[in-house]
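Protein chains in written order, with my numbering: chain F, 1 to 99; chain E, 101 to 199. Even for Gly, the Cβ is constructed at its ideal location relative to N, Cα and C.
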DNA sequence: GGGATACTTGCGCGTTTGCGCAAGTAATGT
DNA sequence: ACATTACTTGCGCAAACGCGCAAGTATCCC
């Protein structure tokens, strides 16, 4: 027995929370918008979003560990792309709710 | 002119970020699940989720200020309900992405 | 190997978050 | 008025976040 009220499905809620958290920063949303057109390098994104490269790298790490983006290495540059079209779906829905 | 790269649509991204942030906590997601069946009082939710009443009140304040839930007072008890069906839509999408 | 470019990681700092607990407000009943 | 129930708000603290900056790793070219 659990003892706790609604322990069932907790790990699933936890993973959902991680995804929502990844979406909870304007710069990261900006990244998703840029990636909507296709894959981009870290420096491209850094330029698009308007932040320093290390900062962008950290934001991408958050998105990546939430499973929202995927990295592909080509030579010395790393290209990121959306790992799932539903991510944009979710963002659009949230924007719609935001009105 | 802005000077900053992608300043356009920033306020909209900000509002979207606030909504995503509201969805980024397991207990708050749990609240949404409870509210999916209809309105519930603060103490009901506190029991469902398994936390203290003041803590629940704070979580509800986050959801409310993000515009995801609405409060209705009946006598001394306050009932909360989802303010928009699309909120559940968004949660379902996120769960789907979480796999 | 040496140097340049592209990205990641570690560190320090100020801000925000979630929590428990106490105190405050609001409405009901006696 | 007093007590009770229902909820909100303030406070203090530990943990997490976002950021800038320096240092590290990786890849390419000469």
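Do we get a CB-CB distance below 8 angstroms when we pair residue 84 of chain F with the residues of chain E? yes
Quick check on DSSP: helix, strand or coil for residue 102 of chain E? Because residue 102 of chain E carries a pLDDT of 45, less than 50, the predicted location of this residue cannot be relied on, and the following value inherits that uncertainty. Residue 102 of chain E falls in the coil class under three-state DSSP.
So, residue 94 of chain F versus residue 122 of chain E, is the Cβ gap smaller than 8 angstroms? no
Is any beta-carbon of chain E found at less than 8 angstroms from that of residue 14 of chain F? yes
I think residue 112 of chain E touches residue 181 of chain E, with their Cβ atoms under 8 angstroms apart; what is that distance to the nearest whole Å? Wrong, their Cβ atoms sit about 26 angstroms apart, outside the cutoff.
Contact set for residue 183 of chain E: own chain, Cβ-Cβ below 7 angstroms, skip 5 residues either direction: 167, 168, 169 and 170
Selected residue, minimal CA-CA separation from residue 147 of chain E, among E:161, E:131 and E:107: E:131
Can you give me the start and stop residues for the alpha helix (DSSP H) that residue 185 of chain E sits inside? 185-198
At a Cβ threshold of 8 angstroms, is residue 198 of chain E touching chain F? yes
Going along the segment 16-46 of chain F in order, which residues come within less than 7 angstroms of chain E, judged by CB to CB distance? 16, 17, 19, 20, 21, 23, 24, 25, 26, 29 and 30
Whole-angstrom distance between residue 76 of chain F and residue 126 of chain E, CA atom to CA atom: Answer to the nearest angstrom: the Cα atoms are 39 angstroms apart.
Under the DSSP definition of a beta bridge, which residues are partnered with residue 149 of chain E? According to DSSP, which records beta bridges pairwise, residue 149 of chain E is partnered with nothing at all.
Is it buried or exposed for residue 28 of chain F, if we count other Cβ within 10 angstroms and need 16 for buried? buried
Check the C-beta distance from residue 98 of chain F over to residue 186 of chain E and give it rounded, since I have them as a contact under 8 angstroms. Between residue 186 of chain E and residue 98 of chain F the Cβ distance is about 10 angstroms, and since that is not below 8 angstroms, they are no contact.
Closer than 7 angstroms by beta-carbon distance: list the chain E residues that pair up with residue 93 of chain F, in chain order. Simply 186, 189, 190 and 193.
Minimum C-alpha distance to residue 179 of chain E - residue among E:137, E:189, E:109 and E:107: E:137
Would you kindly work out how many angstroms separate the C-alpha atoms of residue 64 of chain F and residue 157 of chain E, rounded to a whole number? 33 angstroms
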